[in-house]
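Visitor: Residue numbering for the sequence shown follows our numbering, beginning at 562 and increasing consecutively.
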Amino acid sequence: MSSNEAEFRRLCVAGDVPPSGFLRIELPGYDDGFLVYEQSGAYFVSDEMCTHALVSLSQGECEDGQIFCPLHGGAFDIRTGAPTAAPCRIKLKTYAVRVENGDVYAAIP
Ligand code: FES
């Protein structure tokens with residue numbers, strides 16, 4: 562693997578992610594956590610911190626494929642990280658995901 566390829570890291574058991582919801586995960590060596598989302602049997606992973614200000618999206622609500630920030634009500638598409646509601650303008654970082662043997666992995670550098 563070249564140095565700029567991200568390693569797939571095991572995050573959680575898929576069944577631990579609430580349906581149409583999310584689970585916050587911490588990984589050793591990272592200051593901030595990650596959010597693992599479930600939607601219609603698919604899984605997505607993003608950073609946990611809102612890009613508008615330093616607030617954890619884990620305190621927010623997941624609805625209609627979006628994660629809503631608890632502070633100013635901005636939102637992001639959980640699949641792409643694209644901002645979907647003001648005041649968020651900067652994309653939320655998302656990661657490639659795969660599910661193997663019932664566990665969720667994400668390509669986190
Ligand atoms: S901190 Fe998230 S919308 Fe402002």
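All residues carry an ideal CB built from backbone N, CA and C; glycine is no exception.
1) Which partner residues of S607 appear in the DSSP bridge assignment?
2) Which value, in whole angstroms, describes the spacing of the CA atoms of D577 and P644?
3) L618: buried (16+ other C-beta within 10 angstroms of its C-beta) or exposed?
4) For P670, which residues in the same chain have their Cβ closer than 7 Å to its Cβ, ignoring the five residues on either side in sequence?
5) From C593 to V616, what does the alpha carbon distance come to, in whole angstroms?
6) Going by DSSP in three states, D625 sits in which element: helix, strand or coil?
7) In three-state terms, what does DSSP make of S564?
Guide: With the given structure in hand:
1) Position 46 of the sequence shown, counted from the start, is the residue given in the question as residue 607. Looking at the DSSP assignment, S607 forms a beta bridge with L596 and T655.
2) As a working mapping, residue 577 is identified with position 16 in the sequence shown. As a working mapping, residue 644 is identified with position 83 in the sequence shown. If you take the alpha carbons of D577 and P644, they lie about 26 Å apart.
3) For the purposes of this step, residue 618 is taken as the residue at position 57 of the sequence shown. That one is buried.
4) The residue given as residue 670 occupies position 109 in the sequence shown. A567, listed in sequence order.
5) Here residue 593 refers to the residue found at position 32 of the sequence shown. Here residue 616 refers to the residue found at position 55 of the sequence shown. Sequence check: residue 593 is Asp here, not Cys. When rounded, the distance between both Cα atoms is 10 Å.
6) One-based indexing of the sequence shown puts residue 625 at position 64. The answer is coil: DSSP assigns D625 none of H, G, I, E or B.
7) Numbered from its first residue, the sequence shown carries residue 564 at position 3. Because S564 sits at a pLDDT of 49, beneath the cut-off of 50, its placement in the model cannot be relied upon, and the point is left open.
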